[in-house]
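In our numbering, the protein residues as written are -4 to 447.
From the three backbone atoms N, C-alpha and C, an ideal C-beta is built for every residue, glycine too.
Here is the structure we will look at, set down as structure tokens.
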């Protein structure tokens, strides 16, 4: 069954033009925004433990630095409630512009912070406050971009067009890593004094470029129809938790798949470059570049497949395969083999994880109606992502001498990741299939038999 409503018919002018514009705005905005977000992850793994925290105990300083990375994930659910309400009440475009400006400003200010040596304990406090601002921004970024793109897309290509939000996120990670590679190669004295600040200062250009693109984008037809009909909910959150609470809970559990990304990009980087393993900083950053470059191709391909066979089977390929690959990746790091680390790293993040990562924007967005789509996606994903964000600190605890929750060493980190991925897989396996449901019927009625 196809959606022949205005703007969603495969042959309409909107389906040929506006979906591409919306996808491009989502792509470049997410790329620029997540450049800001992920340069913090690289800095937390390689630098911040030495310049913002007490490095008299390197292990504790590293744990505190990685925990500061997770602070943004704790702030994201709070931001999701606020920005989700605004987005469903006043439109997707306003949130897309606001989040970009907030991320650019907070990231630039991180690059201007004095160190612990200069102002003492106030330095890590200011760092955490600005990290919270980053988290509040990220809370509304993907949900607003995904809602914008999904609602501009024809039914039979929703998976493909919405995947560009995540494709942009991967490009942002590549850009962040590219910027950090020459920075990480600087002598320690230059790296720890001014070198690490440069990637953060570049966020000014990020914010300006993204703003110029997004402010020209039109609001979605689905939301404008609600405005014209006077049916925009006055209290979207009340309606969300009254009628869609089960879908919110399902998205929370499904979003735990993001643990794979945070373990790969932050914890594994720190572990590989630690004194225990001793792999080269710049080389390990190149692993991330290579994996994300492959993901740029894999994500839209997986998304197109989901438009043909359904969201669930594609997502489950990633949810089941990723924890297996994480074990292999951590084993390669532990073995200290650069060729093996590159090969397995690319397969893990670039190929297998991309199956889930590329199609969740459509999968989650299709669980909600237009009235509550942005808030439902924002709240569900950000709670799940918050848990995934703190998985980095949990992993650091697991490899400590005493372990954590009975888990210990890199194999314990692999088991921990597999448990969270299993929860994600169960949540999606028990969901209904929606890839053929017309956009206007999403979140309002059971899927037709042909879509199951």
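8 Å contact criterion, which residue i and residue j should meet: CB distance rounded
{"i": "residue 289", "j": "residue 341", "result": "5 Å"}
{"i": "residue 123", "j": "residue 66", "result": "5 Å"}
{"i": "residue 251", "j": "residue 415", "result": "4 Å"}
{"i": "residue 136", "j": "residue 217", "result": "So it is not a contact: roughly 20 Å between Cβ atoms."}
{"i": "residue 422", "j": "residue 245", "result": "5 Å"}
{"i": "residue 99", "j": "residue 198", "result": "5 Å"}
{"i": "residue 260", "j": "residue 168", "result": "7 Å"}
{"i": "residue 118", "j": "residue 30", "result": "Contact flag wrong, Cβ pair sits at about 24 Å."}
{"i": "residue 68", "j": "residue 130", "result": "6 Å"}
{"i": "residue 300", "j": "residue 292", "result": "That belief does not hold up - the Cβ atoms of residue 300 and residue 292 are roughly 13 Å apart, past 8 Å."}
{"i": "residue 405", "j": "residue 387", "result": "Residue 405 to residue 387, Cβ: 14 Å. No contact."}
{"i": "residue 201", "j": "residue 27", "result": "4 Å"}
{"i": "residue 61", "j": "residue 265", "result": "7 Å"}
Top-ranked residue by Cα proximity to residue i, from the options
{"i": "residue 165", "options": "80, 253 and 122", "result": "253"}
{"i": "residue 17", "options": "129, 45 and 142", "result": "142"}
{"i": "residue 330", "options": "251, 273, 167 and 47", "result": "273"}
{"i": "residue 209", "options": "168, 433, 325 and 144", "result": "144"}
{"i": "residue 107", "options": "137, 194, 58 and 33", "result": "194"}
{"i": "residue 148", "options": "231, 263 and 434", "result": "434"}
{"i": "residue 349", "options": "316, 336, 325 and 365", "result": "316"}
{"i": "residue 346", "options": "221, 376 and 313", "result": "313"}
{"i": "residue 235", "options": "431, 439 and 19", "result": "439"}
{"i": "residue 116", "options": "59, 370 and 133", "result": "59"}
{"i": "residue 64", "options": "163, 127, 291 and 173", "result": "127"}
{"i": "residue 450", "options": "109, 89, 62 and 294", "result": "This structure cannot settle anything about residue 450, because the visible part of the chain is limited to -4 through 447."}
{"i": "residue 326", "options": "410, 68 and 215", "result": "410"}
{"i": "residue 413", "options": "258, 238 and 77", "result": "258"}
{"i": "residue 151", "options": "437, 204 and 302", "result": "302"}
{"i": "residue 431", "options": "391, 386, 418 and 307", "result": "307"}
{"i": "residue 71", "options": "281, 90, 201 and 132", "result": "132"}
{"i": "residue 455", "options": "174, 62, 247 and 328", "result": "The structure shown does not extend to residue 455, since the chain spans only -4 to 447, so no value can be given for it."}
{"i": "residue 174", "options": "35, 13, 408 and 321", "result": "35"}
{"i": "residue 240", "options": "367, 20, 283 and 321", "result": "367"}
{"i": "residue 263", "options": "328, 270 and 237", "result": "328"}
{"i": "residue 32", "options": "94, 420 and 212", "result": "94"}
{"i": "residue 91", "options": "138, 111 and 280", "result": "138"}
{"i": "residue 311", "options": "196, 417 and 73", "result": "417"}
{"i": "residue 232", "options": "285, 375 and 214", "result": "375"}
Helix, strand or coil at residue i according to DSSP, with G and I counted as helix
{"i": "residue 416", "result": "helix"}
{"i": "residue 157", "result": "helix"}
{"i": "residue 23", "result": "helix"}
{"i": "residue 209", "result": "helix"}
{"i": "residue 428", "result": "coil"}
{"i": "residue 452", "result": "Examination of residue 452 is not possible in this model, given that the chain is present from -4 through 447 alone."}
{"i": "residue 380", "result": "helix"}
{"i": "residue 281", "result": "helix"}
{"i": "residue 107", "result": "coil"}
{"i": "residue 436", "result": "helix"}
{"i": "residue 270", "result": "coil"}
{"i": "residue 225", "result": "coil"}
{"i": "residue 92", "result": "helix"}
{"i": "residue 330", "result": "helix"}
{"i": "residue 320", "result": "helix"}
{"i": "residue 366", "result": "coil"}
{"i": "residue 325", "result": "helix"}
{"i": "residue 230", "result": "coil"}
{"i": "residue 100", "result": "helix"}
{"i": "residue 290", "result": "helix"}
{"i": "residue -1", "result": "Because the pLDDT at residue -1 is just 42, under 50, the model does not fix this residue reliably, and the value given afterwards should be weighed accordingly. The answer is coil: DSSP assigns residue -1 none of H, G, I, E or B."}
{"i": "residue 407", "result": "helix"}
{"i": "residue 394", "result": "coil"}
{"i": "residue 305", "result": "coil"}
{"i": "residue 238", "result": "helix"}
{"i": "residue 447", "result": "A caution first: residue 447 carries a pLDDT of 42, below 50, which makes its placement in the model too unreliable to give a value."}
Contact with chain D by residue i, beta-carbon distance below 8 Å
{"i": "residue 78", "result": "Of the protein chains in this structure there is only one, and it is not chain D."}
Residue i Cβ short of 7 Å to the ligand GTP heavy atom set
{"i": "residue 94", "result": "Absence of the ligand GTP is noted for the structure shown, with no ligands found whatsoever."}
| field | Any 3 or more C-beta pairs closer than 8 Å across the stretch 44 to 51 and the stretch 155 to 175 | value | Counting Cβ pairs under 8 Å, fewer than three are found: no touch.
| said: Please give me, in chain order, every unbroken run of the alpha helix (DSSP H) with length at least 4 that falls completely inside the stretch 8 to 87. | reply: 8 to 11, 13 to 41, 43 to 46 and 53 to 85
| Hey, is the stretch 99 to 118 in contact with the stretch 333 to 353, meaning 3+ C-beta pairs nearer than 8 Å? | no
| field | Inter-stretch contact at 8 Å, needing at least 3 Cβ pairs: the stretch 49 to 60 / the stretch 182 to 194 | value | Flag = no, the stretch 49 to 60 and the stretch 182 to 194 do not touch.
| field | Sufficient close CB pairs (3 or more, under 8 Å) joining the stretch 424 to 439 to the stretch 361 to 369 | value | Flag = yes, the stretch 424 to 439 and the stretch 361 to 369 touch.
| request: Evaluate contact between the stretch 212 to 231 and the stretch 81 to 96, counting only Cβ atoms and requiring at least three cross-stretch pairs below 8 Å. | output: yes
| query | Are the stretch 317 to 327 and the stretch 163 to 183 touching, with three or more C-beta to C-beta distances below 8 Å? | reply | no
| For the stretch 113 to 150, which segments carrying the alpha helix (DSSP H) assignment without a break, of at least 4 residues, lie completely within its bounds, in sequence order? | 117 to 147
| message | Could you tell me which whole alpha helix (DSSP H) segments of length 4 or greater appear in the stretch 166 to 221? | response | 183 to 188, 193 to 196 and 198 to 209
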